[in-house]
Each structure stands twice: as structure tokens, then as C-alpha cells.
Amino acid sequence: MKALRRALLALLLGLLVFAAWVTWMNRSPVRAPAVALAVTPALVERGAYLARAGNCLACHTARGGLPYTGGRGIETPFGTVFAGNLTPAPRTGLGGWSAEDFWQALHHGRGRDGRLLSPAFPYAAFTQVTRADSDALFAFLQSLPARERARPAHALRFPYNQGWALAAWRALHFRPGEFQPDAAQDAAWNRGAYLVRGLGHCASCHAPRNALGGSRADAALAGGLMPVSAWYAPALGGAREAAELPGLLRGGQSPRGAALGPMAEVVLHSTQYLSEADLQAMARYLGSLPAPAQPEPAEEKRPQQRAARAELGAQLFTQHCAACHGEQGDGQGLYPPLAGNRSLALPSPNNLIKAIRHGGFGPSTQANPRPFGMPPFGHVLSETEIAAVATHLRLRWGQGAGGVTELQVLQTP
Amino acid sequence: MGGMSKTVSKALQQLGLLIALAPPAGAAPPPQDTLAQRLQACTVCHGAEGRATASGYHPRLAGKPADYLYQQLLAFRDGRRHSPVMAELMAPLSDAYLREIASHFATLDLPYPAPARPAATPEQLRRGEQLVRRGDPTRGLPACAACHGERLGGRLPALPGLLGLPPDYLLAQLGAWRNGQRQAQAPDCMAQLARRLAPEDVAAVARWIAHQPVPAGLRPEAPAPLPEPCGAQP
Chain D
0 MKALRRALLA LLLGLLVFAA WVTWMNRSPV RAPAVALAVT PALVERGAYL
50 ARAGNCLACH TARGGLPYTG GRGIETPFGT VFAGNLTPAP RTGLGGWSAE
100 DFWQALHHGR GRDGRLLSPA FPYAAFTQVT RADSDALFAF LQSLPARERA
150 RPAHALRFPY NQGWALAAWR ALHFRPGEFQ PDAAQDAAWN RGAYLVRGLG
200 HCASCHAPRN ALGGSRADAA LAGGLMPVSA WYAPALGGAR EAAELPGLLR
250 GGQSPRGAAL GPMAEVVLHS TQYLSEADLQ AMARYLGSLP APAQPEPAEE
300 KRPQQRAARA ELGAQLFTQH CAACHGEQGD GQGLYPPLAG NRSLALPSPN
350 NLIKAIRHGG FGPSTQANPR PFGMPPFGHV LSETEIAAVA THLRLRWGQG
400 AGGVTELQVL QTP
Chain W
0 MGGMSKTVSK ALQQLGLLIA LAPPAGAAPP PQDTLAQRLQ ACTVCHGAEG
50 RATASGYHPR LAGKPADYLY QQLLAFRDGR RHSPVMAELM APLSDAYLRE
100 IASHFATLDL PYPAPARPAA TPEQLRRGEQ LVRRGDPTRG LPACAACHGE
150 RLGGRLPALP GLLGLPPDYL LAQLGAWRNG QRQAQAPDCM AQLARRLAPE
200 DVAAVARWIA HQPVPAGLRP EAPAPLPEPC GAQP
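Taken in order, these protein sequences are the chains called D and W. If you read the first sequence in numbering that gives the first Met the number 0, its first letter stands for residue 0, the second for the next number, and so on. If you read the second sequence in numbering that gives the first Met the number 0, its first letter stands for residue 0, the second for the next number, and so on.
Listed below in C-alpha cells is the structure:
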């Protein structure tokens, strides 16, 4: 009885200490006195460029909605979060905000009234943005036409809709802090690191997440399965990837593949507009990160079944895929080659399954305005057949990647 | 002489090599970089060259007015029409490319398949024809032909022809207009008209249209004033 009381007391004490720590970590940041921004056309133009770099438009515009008026729902495992209206609309947008208010949001993840913002707004990355760039972004957003459009209320499940839950999440996963250049590296490396870690918020998708949706700091940009959509964002890093990166970010395709799904959207709205110097800088930084380790192929439990799947897959490949991709998988000079294609060698087969089932176009870019489209073969092939084709492709060109089962196809949306 | 025969045998060897390298007889020629080749993603559902089939759900694309097709591509991309497959395919494409895609299918001139002729009662066909040809003034319904053309072949620049479409597709579209699933630029004339149709009229119109053969050389008519204001057709 005494032991139980002691344990309860210890638990209570632990909770109190945790609550105090969470409160301390979420204490109100110091606000600088509001100073009127000296807005020049050059500042607005720089802000517009930075808004591209941050791909603000993609989340802050509803499908078919007016630019930057918000309303797009971001689906997360915890519910749907809706992006706000960034135009200077007085009632529903950033009308009446100061540059300091905007800095509080970008750097500290706090609304104008001090409330904690949802981390679906990737302030864990944007906190790296410098004050000068924050001011330029703000000047650009304030130059937009003011259009009222109220943000729908977030639809988060309990307990994720609770203020204390958000505060605890922030205490565990969020540290405000501006980007600190590495003196041992050159200017291009530092510029690249600033863009990748800050406005580019690449880690939002390309870093693995823990069960609470926090990016795991120990495995930055090591690749991650995106929640809900189940696209696999591959690991970034390695010299070979880096060499092909500027072309991929500018035109949406590299000699070894094309951007599909969420990355096509990033290229479409954001990276195709970045300067050559910035693309090279991002490549320089990412090229300095360690190359992703080749995953150990999973132990095949039923090798005979896999061999049968691969055989069926080879027949289906000749029937449906070879006309474009070539019997030898070389792409025949027009299509993404399958031989050496990284999507076939990823630890997760999801992107391959999605490409076969849903097809897709690469992004229309200035460099490639009329991209090729892959047909949605889910209208033609059964789940069994998709698994067979995917198995054939991974065994033939996946550089040691394992086969794909029908169950994996069924589990991939 | 010896040198000569050597040259000949070398030439023959090279020829043999060339023959060996040539693709086997019957192999498909390598694809060329054409717009049609870039649009293979469309034809897996909409049929070779956007021809579609008389059965199934996917509508024909070939020969529809370019502005109509363009508006539909925008509507799928921007959420006024709902098809997850179409939305995902259109999402990364620019307005300029969508316009090019629309023009490509609009310029195709392909024969139509025979009508599907779904089961229909004589009363349904009579009512369907009445609505299509003359409308129903008691319900405030103009004839379909008043906008979509006397021969129902569509009207430039943006009104589609109604013939040669799968019956399931026709039914689904009228239903979608009625319940707001399908929308167009305001004023949304088709939504307003579809809501004036009685439920049994929807089936009658769709069935009668699906019974009609497509006359040879059917083309969209020249632009003309419409009985209702239409956002899609200014």
C-alpha cells in the first residue's frame, strides 16, 4: 500500500515537472518593438523569390482558389489542418500584421495573438530563416491584393486538438533558432544548407518521422514515408544524386527518372523558379551529406512464389511496358530509363506501385513544358499483376531490391 | 582477286551483323517524340487517340470543341469536376500544356462507334426526344438542341456534342450537375437546367441520346446566342 502511494506520488511529481518544463519551453518569446518596414520594389521582389523557395503557394492556396488565400487542407495522421489566408485581408488574412508579428509566426510558430500554431506549418524549418528574409517575405505578402477568405477550422482528433498537447509536442520537437553558417564551409555550401534546412523545408518529407510526427534529428534527410499519401521521399545526399539535382529541380526530370507526385508539385510551384546559383548551392550542400546506404533486401519467405510473380511480371512487362520503356529498360531516348532508375531500388516499393497504378505526368516546367505521361495502369492491371510487374522490375533493375507482394500493393493507396 | 573477295566477304559479314542487329520482324518501331506519344496517359482509358468505346464510362475526346476540353481539364485540376485519377494526372500541368492537349484531341477526326442502345421503354424514348428537341416550357427547360446544336454535334467554342457518349457517362453527368458534384464557371447554366429536370427525365434524356447513331461528318456548329447565360460559353 505504501509502495503504491509512493509510486503514485512519484508519477504525479514527474507529471508536474514535465508540465513545468513544457510551460517553460513554450514561454512567450521577447517581442521587438514594432518598426515600420522600409518597403521597396526590390524588397518585394526578393520576398516573391523567397516565397517560391518556400513553396508557400502550394499549401496556402486551395485547389482552384485564388493564390495565397489559404484553405487547402493538409491531411496528417492526426486530422486535417487548414492553411491560412496570407493576403493582407483585414478580417481573415494578414491585414494589420506587422513584420514583427510575421517573424513571431515564422520563427517561433506563434500567431499574432500568441497562440501556438500547428506544426503542419513547417516552422521547425522556417525558424532557420533570417530576419531580413522574413521581412522580405512579409513585404511581398503585404503587396498581394487583399482577399477575404476565412480559414476553415482544423479538424484534428482528440487529443491532438488540445493546446496542452501542442505545447508538449513543441517542447519535445521544436527549438527556435536562426541558421548559423558553418565557418569551415564555403559560401555556396552555406547558402545551400540555408535553403535546404530553412525555406526549402526538405526535411518535412525527406526525413523519417517518429510516432508523434516529429522529424528524427538523428536521421536528417535519410528518407521517409510520407504520412497519409504513403509516397516515399527518398534519402537526399551523395555525390551522384547531387550532380543530377539541379536538372531535376529545374526541369522535373533527370537522366535516371522524373519527379512524380508531391515532388512534381514542388518542382512545378517552387524549384523551377530558383536561380542556377541557388540550385547549384543546394546540390553542393546535399552532395556533402553521406550517400544513402543500400538497404539490405528483405529475406524472402517464399522464394518460389516470388519467382512465379517475377515470371508473370516479365510477360506483362513485354505486353504493356516495353513499347515505351524498351525491352532493355533504356527508355529508347524518350522515356525515363528503368535500368538504373532509383525508384526501383528504394527501400519502399510504394512509389513504384503508385507510378504503375495511378500513372502521372512530370511537372510542366520552363525547361520541359510538355512532359510525357505514364498511363494509370490500375485501369488495366489487377493488384496481383501490379505486384508481378513491380517484382520483375525490382529484381531486374533494383540493384538488390526485394520483390513486391499483392498485400503491399493493396496497402498502398 | 584475293583482295576483292576479302572485301566482299567483309561486306557480307558486316551485312550479316547489320541483319543481326536489326529488330526482329514484327517488333514495334521505337516510339517517336510526338504529342500523341506524350499523351499515352490519356489513351489507356479514353481509347486509342481519344476514340473511347460505346460501353463503359470514359467519354470520347476526339472532335469535341477545344475550349470545352480545355475547360474540363482545368475543372479536374482545380476541383470543379471530381475524379481522383484525372485530378492527380492534371495536377502538375500548366495551363498552356492543358490547352495544347485539348487542341490535340479536338482536331482528331475519327469515326464513331455504333450507338450503345441501352434498354428503354417507348415512353422513355418519346419523353427523351421531346426534351432534347423541344424542351419543356412548363419546367422552364429549353431544348438540349438549342445550345448543343440542331444535330447535337456541339457548338463552338465550348459546348460539347452529346452523341456517341457511353450511356453510363451521360446518366452520371446529368446526376452530377443536379447534385452539384459537377460544376462549371458561373453562371453555371447546366447545373441550373439539370436541377429543373425530373429524376425520370434524366433517365429519359440519357437513354434517348444513347440510342442515336452519329451522323457522318458531324461537327460542332458555329457560335450563336444561347437561351441561358453560360459562364463556359461567353
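Yeah, the Cβ is synthetic: ideal placement off N, Cα and C, and Gly gets one too.
Would you kindly report the start and end of the unbroken alpha helix (DSSP H) that includes F81/D?
-> As a working mapping, residue 81/D is identified with position 82 in the first sequence. No alpha helix (DSSP H) contains F81/D, which is instead part of the beta strand (DSSP E) from G78 to F81.
Return helix, strand or coil for D135/W, following the three-state DSSP convention.
-> The count along the second sequence starts at 1 and reaches residue 135/W at position 136. In this structure, D135/W counts as strand in the three-state DSSP scheme.
State yes or no: is the C-beta of P226/D within less than 9 Å of the C-beta of P76/D?
-> Translated into positions along the first sequence, residue 226/D becomes position 227. Translated into positions along the first sequence, residue 76/D becomes position 77. Yes, the Cβ-Cβ distance between P226/D and P76/D is below 9 Å.
How about G62/W and L109/W: do their beta carbons lie closer than 9 Å?
-> In the second sequence, the residue the question calls residue 62/W occupies position 63. In the second sequence, the residue the question calls residue 109/W occupies position 110. In contact: G62/W and L109/W (Cβ atoms closer than 9 Å).
Hey, R206/W and Q123/W are a contact pair by Cβ (cut 8 Å); roughly how many whole angstroms apart?
-> Here residue 206/W refers to the residue found at position 207 of the second sequence. Here residue 123/W refers to the residue found at position 124 of the second sequence. So it is a contact: roughly 5 Å between Cβ atoms.
Inside the segment 146-232 of chain D only - beta strand (DSSP E) runs reaching at least 3 residues = none
Check whether the Cβ atoms of F120/D and C201/D lie closer than 9 Å to each other.
-> One-based indexing of the first sequence puts residue 120/D at position 121. One-based indexing of the first sequence puts residue 201/D at position 202. No, Cβ-Cβ distance for F120/D and C201/D is not below 9 Å.
Proximal residues of chain D, C-beta to C-beta of S82/W below 9 Å | For the purposes of this step, residue 82/W is identified with residue 83 of the second sequence, where counting begins at 1. Those do not exist, as S82/W stays about 11 Å from chain D at its closest Cβ, beyond 9 Å.
Closest by C-alpha distance to G139/W, when choosing among L225/W, L192/W, A202/W and G216/W = Taking the second sequence and counting its residues from 1, the one referred to as residue 139/W is at position 140. The shortest C-alpha separation from G139/W is found at L192/W.
Name, please, each residue of chain W whose Cβ falls closer than 9 Å to the Cβ of G69/D.
-> Counting from 1 along the first sequence, the entry for residue 69/D is found at position 70. Correct list: empty, because the minimum Cβ distance to chain W is about 15 Å.
Coil, strand or helix - Q232/W by DSSP = Taking the second sequence and counting its residues from 1, the one referred to as residue 232/W is at position 233. Coil at Q232/W, not helix or strand.
Find the residues of chain C that neighbour P91/W, judging by a C-beta separation of less than 7 Å, and give them in chain order.
-> Judged by its chain identifiers, the structure shown contains no chain C, and its protein chains are D and W.
T22/D bridges to which residues according to DSSP?
-> Working through the first sequence from its first residue, we reach residue 22/D at position 23. Partner(s): none; T22/D has no beta bridge.
Residue range of the unbroken alpha helix (DSSP H) whose run includes E87/W | The residue given as residue 87/W occupies position 88 in the second sequence. First-last of the alpha helix (DSSP H) with E87/W: P83 to M89.
Taking A203/W as the reference, which of A185/W, N178/W and E128/W has the closest Cα?
-> As a first step, residue 203/W is located in the second sequence; it is residue number 204 there, counting from the start. A203/W has its Cα closest to that of E128/W, out of A185/W, N178/W and E128/W.
Given Y284/D as reference, the closest of Q252/D, F316/D and A241/D once Cα atoms are compared | Numbered from its first residue, the first sequence carries residue 284/D at position 285. Closest option to Y284/D, Cα to Cα, is A241/D.
Which same chain residues, not among the five before or five after K353/D, have their C-beta less than 6 Å away from its C-beta?
-> Looking up residue 353/D in the first sequence gives position 354. So the list is empty, once near-sequence residues are dropped.
Which listed residue (A119/W, R59/W, H103/W and R194/W) has its alpha carbon closest to that of A164/W | On the second sequence, residue 164/W is found 165 positions in, with the first residue counted as 1. The identity of residue 164/W in the sequence shown is Leu, whereas the question assumes Ala. Comparing Cα positions, the closest option is R59/W.
For E326/D and A24/W, the rounded distance between their alpha carbons = Counting from one through the second sequence, the residue named residue 24/W turns up at place 25. Counting from one through the first sequence, the residue named residue 326/D turns up at place 327. Summary for A24/W: the model assigns pLDDT 44, below 50, so the residue's position carries little reliability; its value from the coordinates is reported in the next sentence. So the two alpha carbons sit approximately 15 Å from each other.
Three-state secondary structure (DSSP) of F371/D | Within the first sequence, residue 371/D is the residue found at index 372, counting from 1. Residue state, collapsed to three classes: coil.
Mind checking who L140/W pairs with in its DSSP beta bridge?
-> Walking along the second sequence from the start, residue 140/W turns up at place 141. L140/W is bridged to D135/W.
Where does M89/W land, buried or exposed, given buried means 16+ other C-beta within 10 angstroms?
-> For the purposes of this step, residue 89/W is identified with residue 90 of the second sequence, where counting begins at 1. Classification for M89/W: buried.
Taking 9 Å as the CB-CB cut-off, is E99/W touching chain D?
-> Start at 1 with the first residue of the second sequence, and residue 99/W comes out as number 100. It does: the Cβ of E99/W has a partner Cβ on chain D nearer than 9 Å.
When DSSP builds the beta bridges, which residues end up paired with L259/D?
-> Indexing the first sequence from 1 puts residue 259/D at position 260. DSSP, once it has assigned bridges, lists no residue as partnering L259/D.
Within its chain, find whatever has a CB closer than 7 Å to the CB of T383/D; leave out the 5 residues flanking it on each side and keep chain order.
-> Taking the first sequence and counting its residues from 1, one reaches residue 383/D at position 384. Correct list, in chain order: E405.
Please name the residues in the segment 30-45 of chain W whose beta-carbon is closer than 9 Å to at least one beta-carbon of chain D, in chain order.
-> P30, Q31, D32, L34, Q36, R37, L38, Q39, A40, C41, T42, V43 and C44
First and last residue of the uninterrupted alpha helix (DSSP H) at G46/D = In the first sequence, the residue the question calls residue 46/D occupies position 47. Segment P40 to A52, the alpha helix (DSSP H) holding G46/D.
Compare the C-beta of D77/W against all C-beta atoms of chain D and say whether one is closer than 9 Å.
-> Start at 1 with the first residue of the second sequence, and residue 77/W comes out as number 78. D77/W counts as touching chain D.
Which of the three DSSP states, helix, strand or coil, is assigned to Q252/D?
-> Locating residue 252/D in the first sequence gives position 253, counting from the first residue. Three-state result, Q252/D: strand.
Spatial distance of H324/D from I208/W (CA atoms) | Residue 324/D sits at position 325 when you count from the first residue of the first sequence. Residue 208/W sits at position 209 when you count from the first residue of the second sequence. Each residue's Cα considered, the two are about 41 Å apart.
With a CB to CB cut of under 7 Å and the five nearest residues on each side skipped, what residues in its chain are close to S82/W?
-> The residue labelled residue 82/W in the question sits at position 83 within the second sequence. Only F75 meet the Cβ criterion.
Sub-9 Å separation of G256/D and S342/D beta-carbons | As a first step, residue 256/D must be located in the first sequence, where it is residue number 257. As a first step, residue 342/D must be located in the first sequence, where it is residue number 343. Against a cut-off of 9 Å, the Cβ pair of S342/D and G256/D comes out as a contact.
Once you ignore the five residues that flank R30/D on each side, which residues in its own chain have a CB closer than 8 Å to its CB?
-> Counted from its first residue, the first sequence places residue 30/D at position 31. Cβ neighbours of R30/D beyond the five flanking positions: E99 and Q103.
Where the beta strand (DSSP E) containing T75/D begins and where it ends | The count along the first sequence starts at 1 and reaches residue 75/D at position 76. Counting along the chain, the beta strand (DSSP E) containing T75/D begins and ends at G72 to T75.
Could you check if V213/W is buried or exposed, using at least 16 other CB atoms within 10 Å of its CB as the buried criterion?
-> Working through the second sequence from its first residue, we reach residue 213/W at position 214. Buried, by the Cβ-count rule.
Just tell me which of Y159/D, R148/D and L7/D has its CA closest to the CA of T86/D.
-> By 1-based counting over the first sequence, the position of residue 86/D is 87. Considering only alpha carbons, the answer is R148/D.
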